[in-house]
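Novice: Structure in structure tokens, see below.
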Amino acid sequence: MLRARRPSPALVFSLTVSAGLLAVVSLWARNRPPGRWERDLFALVNQIPGPVGPALVLVMQLGAYPAVLVAAAGAVLARRIGLARDLLIAGNLAYWSAVLCKALVARERPAAFLADIRFHDTITGRFGYPSGHVSVVTALAVVLAPALPARLRSLVWLAVVAVGTARIYVGAHLPVDVLGGFLVGWFAASLTRLIVGDVGPGDSAGRLRQVLLGRGVEVAELTPVRGDARGSRPWQVTTTDGRRLFVKVTGGRQRDADWLYKLYRRLRYRDIADEPPYVTAKQKNEHEAYLLLLAERAGVRTPRLVTTATDAVGDALLVLEFVPGRPLDALEAAELGPDVLDEVCRQVARLHQAGLAHRDLRAANVLVADTSAWLVDLGFGTDGASAEQQARDLVELLVTLAALAGVRPTVDAAIRQLGAGPVADTLRWLQPALLSRAGRALADAHPGLLVDLRDEITRRFPDRQDRLARVVRITRRDVFLLVMLGLLVHFLLPQLGQVRAASHAVLHADPLAVTGALLASAATYLLSAVVLRLAAAGRVPLGRTVAVQVAASFVNRLAPGAVGGAALSVRYLRQQDLPVPAAATAVAVDRISGIVSVGLLLPVLLPFARGARRHLVSAATGRGLAVLLTVLAVLLLAAAALAVPRLRARVGAARCQAAQAVRSLARSGRITRLLAASLGLTLAYGAALYLSLLAVGLPVEPALLAPVLLVCVVGEGVASAAPTPGGLGATEAALVSGLLLFGVGVDTAVAGVLVYRLATFWLPVLPGYVTLRVLVRRHVV
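Going by our numbering, the first residue of the sequence shown is number 76, and it counts up by one from there.
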């Protein structure tokens, strides 16, 4: 199906009906109080007995704003980037449209109309119409349902019904509020389809035949071409006189070439020379036709241009002679000999000599027929290209050829055909951010490929030690931090009506308990040094190791997931004459012992933590579970998306080294002491959190000790997984949410976490910096 600029009749109908019904229901809700039927239905749902109610409170969070982020993250992990974008747009449109409707309609919550209401959750906000939760879940459902298998679609719509029922059950909305939320979500999803492009009519093949006939091309056979055709829909045409043509159809709202995609590239990357986001499909095709003519004049082997055209719905056609070749990634390694590599690089050299840059030299855009190479799809290309643009252009080709034919033959061919200077210029740009999705997939499939390419080029040109250029404006870490800040704002600020009370509690904290928290924090450095020393088989002095752990408290503020501290520990062990494998293995065993100690501690803590389950049903803490689960879900998805591709190549070797080290520890008898020290380290963090809470007014209740330790374990795990320095933002959200879950008051939870983070995160920074400077001056690290 082609993406049409003109909306389909189905989309027009959906927009019109949803907007009309929303207007009618909104006017009714604004001008009339709830009727008898609405009151009775509300009472029936609001008083649902048994265990169904608490389950509804949990399911209700499928309509909370973070569900938009979780759904989009899931789509990204499934490599459905277009779906993730649509979910983000639809979810945000639904959420903010509901906020706007609340302000315009100003219909109050059920408590303003009814007296006998059971509240099963904390209700914030004055207005009830429309339900924001139902708006969000409906928008997500309308977008997500077509992308799911038919057997799962009913579950999506069941979720919409469940969220609507839950919002009535908790006492937040009347039935008409839920109906209004459904209409807002429907309208938001329809508007999203209009923004990203609607699926055009099914007679696209017939329409294409008519357009080609108008250009003098009589079609005998028309077949869609499958493959990596970003931003277009390709067709293979056989004419009545036996000619074979390639037709590239570009829709004005192609999913991968629309204005949102270009704006994303402009926001994230530096110096991106895409056409302006408002360029039409016709202008795009004319631009490519112009570049094809320039490349042909320069002797580059490209498909010959036949004609261009525009159809009735605004899609642009580029008609080329068909090239009977295969893309690079369809060739066997034996077929990519020196002659083929030279031919591919020769065509790129001619392109660059003409002042052009292809800017999309992935495997699918280089075709090989016998020993001839063809460059196709110049839609992202540019004329008057600078040396920098051409160097960036060459990066994708080098990575592709190196992955398929080897690093050294690729560099040899590139130097022979393009020259030493252009190849050396690529050193600054050999980084994943400049690769297409296909290029990154090849690099991931060949671990260390980019490093090998840089090493090989540096070996040929030792005087060119260029640093990697900064090409990314907004990193995944930045996005993650913004998401976490958004979660904090969305969940915690509405509950912090007693912010002044929390601040007052911090300022007037019990000095004795604060001193205890500081001592517990100090004990963590001694215990972590003991763990590292045991992991290194006692080959390092304890005092110096303690100093290294203090220095790591500063280094970890500069890198996510305690990566800086791990690197510092490896460097320290190397300076103590441990070989690199032994140093890396000791640090790995250090980390593994922490995981094992947590695994040993959880079975002890969980039975005691279950005793706090009564807090789950209280109105004051009902949102705590939702906050904690949402934060953890986002963190797990983000951590998987960020960590898995990078660590996959290293897991095998690290696992073998760690397993060998653990066996050695078991034989030596040190493993018991190691686990005991690691368990003590975990308990020291828990004690610091518990003492911090006592300092700000938490009553001394033994029943809360186990839940606080459990929350601390989760919070420190979040700090290790979150791609922010020291887990900043993510850890605070997880700790406060967990404490709310177990019934700790909001002001006490916030104040206690502030004291805890001051003791364990912020106050050690200055001593850590000073210690690091001393250690560096003494050549200890």
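Every residue gets a Cβ at the ideal spot worked out from N, C-alpha and C, and that includes glycine.
Contact between the region 503 to 517 and the region 437 to 447 is defined here as three or more beta-carbon pairs at a separation below 8 Å; is this criterion met?
Specialist: Segments in contact, yes.
Novice: Write down every uninterrupted run of the alpha helix (DSSP H) in the region 592 to 641 whose length is 4 residues or greater and which is fully enclosed by it, in chain order.
Specialist: DSSP runs (the alpha helix (DSSP H)) wholly in the region 592 to 641: 617 to 630.
Novice: Quick check on the DSSP output: what are the complete alpha helix (DSSP H) runs of length 4 or more inside the region 501 to 545, in order along the chain?
Specialist: DSSP runs (the alpha helix (DSSP H)) wholly in the region 501 to 545: 512 to 520 and 524 to 535.
Novice: Alpha carbon to alpha carbon, how far is Ala-729 from Ile-670?
Specialist: For Ala-729, the pLDDT reaches just 47, beneath the cut-off of 50, and the residue's location in the model is therefore unreliable, although a value from the coordinates is still provided. Roughly 15 Å separates the two Cα atoms.
Novice: From Val-209 to Arg-301, what distance separates their C-alpha atoms?
Specialist: If I take the Cα positions, the gap works out to 39 Å.
Novice: Have a look at Arg-853 and Arg-619 and give me their C-alpha separation to the nearest angstrom.
Specialist: Approximately 11 Å between the Cα atoms of the pair.
Novice: Can you tell me whether Ala-373 is helix, strand or coil according to DSSP?
Specialist: Coil at Ala-373, not helix or strand.
Novice: Exposed or buried, Gly-843, counting other C-beta atoms within 10 Å across all chains shown (16 or more means buried)?
Specialist: Burial call: buried.
Novice: Let me know the secondary structure DSSP gives Pro-782 once reduced to three states.
Specialist: Reduced to three states, the DSSP call for Pro-782 is helix.
Novice: Could you check the C-alpha separation between Arg-318 and Leu-367 for me, to the nearest Å?
Specialist: When rounded, the distance between both Cα atoms is 20 Å.
Novice: Assign Trp-310 to buried or exposed, taking buried as 16 or more other Cβ atoms, counted over all protein chains shown, within 10 Å of its Cβ.
Specialist: Buried, by the Cβ-count rule.
Novice: Give every residue of the same chain whose Cβ lies closer than 7 Å to the Cβ of Gln-492, excluding the five residues on either side of it in the sequence, and list them in chain order.
Specialist: Asp-417, Cys-420, Arg-421 and Ala-424, listed in sequence order.
Novice: When DSSP labels each residue in this structure, what does Ala-295 get in the three-state scheme?
Specialist: DSSP places Ala-295 in strand when its eight states are reduced to three.
Novice: Give me the residue from Ala-520, Ala-659, Asp-458 and Val-621 with the minimum Cα distance to Gly-475.
Specialist: Residue identity differs from the one stated: residue 475 is Thr in this sequence, not Gly. Checking every option, the nearest Cα to that of Thr-475 belongs to Ala-520.
Novice: Count the other CB atoms within 10 Å of the CB of Thr-747; is the residue buried (16 or more) or exposed (fewer)?
Specialist: Per the 10 Å Cβ criterion, exposed.
Novice: Excluding the five sequence neighbours on either side, which residues of its own chain have a C-beta within less than 6 Å of the C-beta of Val-692, listed in chain order?
Specialist: Confidence is the limiting factor: at Val-692 the pLDDT is only 36, short of 50, which leaves the residue's position unreliable, though a coordinate-based value still follows. Within the same chain, Val-692 has no close Cβ partners at all.
Novice: At the level of alpha carbons, what is the spacing between Ala-715 and Gln-624?
Specialist: Low confidence applies to Ala-715: its pLDDT is 47, below 50, so where it sits in the model is not reliable, and the reading given next is rough at best. Those two C-alpha atoms are separated by around 27 Å.
Novice: Taking Cβ positions, are Pro-250 and Glu-113 nearer each other than 7 Å?
Specialist: The answer is yes: Cβ separation under 7 Å.
Novice: Report yes or no: do three or more beta-carbon pairs, one from the region 173 to 192 and one from the region 98 to 115, lie closer than 8 Å?
Specialist: They touch, by the three-pair rule.
Novice: Specify the secondary structure class of Leu-223 as computed by DSSP and reduced to three states.
Specialist: Three-state DSSP puts Leu-223 in coil, outside helix and strand.
Novice: For Val-706, count the other beta carbons within 10 Å of its own beta carbon; 16 or more makes it buried, fewer makes it exposed. Which is it?
Specialist: Only weak support exists for where Val-706 lies, its pLDDT of 47 falling under 50; the coordinates are left without a value.
Novice: If you follow the alpha helix (DSSP H) that Ala-478 is in, where does it begin and where does it stop?
Specialist: Per DSSP, Ala-478 belongs to the alpha helix (DSSP H) from 462 to 480.
Novice: Do Val-253 and Val-212 come within 7 Å of each other at the CB atom, strictly closer than that value?
Specialist: Taking 7 Å as the Cβ cut-off, Val-212 and Val-253 do not qualify as a contacting pair.
Novice: Using 8 Å as the threshold, is the region 533 to 547 in touch with the region 493 to 508, meaning 3 or more CB pairs across them?
Specialist: As far as the Cβ criterion goes, the region 533 to 547 touches the region 493 to 508, which means the pair count is three or higher.
Novice: Give the secondary structure of Leu-722 by DSSP, where H, G and I count as helix, E and B as strand, and everything else as coil.
Specialist: Unreliable placement is indicated for Leu-722, whose pLDDT of 41 sits below 50; the coordinate value is still reported in the next sentence. Reduced to three states, the DSSP call for Leu-722 is helix.
Novice: I'd like to know if the region 654 to 668 and the region 601 to 610 are in contact, where contact means that at least 3 CB-CB pairs between them fall below 8 Å.
Specialist: Flag = yes, the region 654 to 668 and the region 601 to 610 touch.
Novice: Tell me, which residues are paired with Asp-458 by DSSP?
Specialist: According to DSSP, which records beta bridges pairwise, Asp-458 is partnered with Leu-431.
Novice: Give the single residue among Val-498, Gly-494 and Leu-524 whose Cα lies nearest to the Cα of Gln-506.
Specialist: Comparing Cα positions, the closest option is Leu-524.
Novice: Is there contact here, the region 366 to 380 with the region 393 to 402, by at least three beta-carbon pairs under 8 Å?
Specialist: The region 366 to 380 is in contact with the region 393 to 402.
Novice: Let me know the secondary structure DSSP gives Thr-315 once reduced to three states.
Specialist: Of the three classes helix, strand and coil, the one that applies to Thr-315 here is coil, per DSSP.
Novice: Out of Ala-234, Gly-761 and Leu-215, which has the shortest C-alpha to C-alpha gap to Val-259?
Specialist: It is Leu-215 whose Cα lies nearest to the Cα of Val-259.
Novice: Does the contact criterion of 3 or more C-beta pairs under 8 Å hold for the region 748 to 756 versus the region 821 to 830?
Specialist: Judged by Cβ distances under 8 Å, the region 748 to 756 makes no contact with the region 821 to 830, as fewer than three pairs qualify.
Novice: Apply the 10 Å Cβ neighbour rule to Asp-414 and answer buried if 16 or more other Cβ atoms are within range, or exposed otherwise.
Specialist: The residue is exposed, with fewer than 16 neighbouring Cβ atoms inside 10 Å.
Novice: Tell me which residue opens and which closes the beta strand (DSSP E) that Leu-407 is part of.
Specialist: Correcting the residue type first, residue 407 is Glu in the shown sequence and not Leu. Note, Glu-407: premise wrong, no beta strand (DSSP E); not H, not E.
Novice: DSSP three-state label for Leu-395, please.
Specialist: Of the three classes helix, strand and coil, the one that applies to Leu-395 here is strand, per DSSP.
Novice: What first and last residue would you give for the alpha helix (DSSP H) that runs through Trp-171?
Specialist: Segment 156 to 180, the alpha helix (DSSP H) holding Trp-171.
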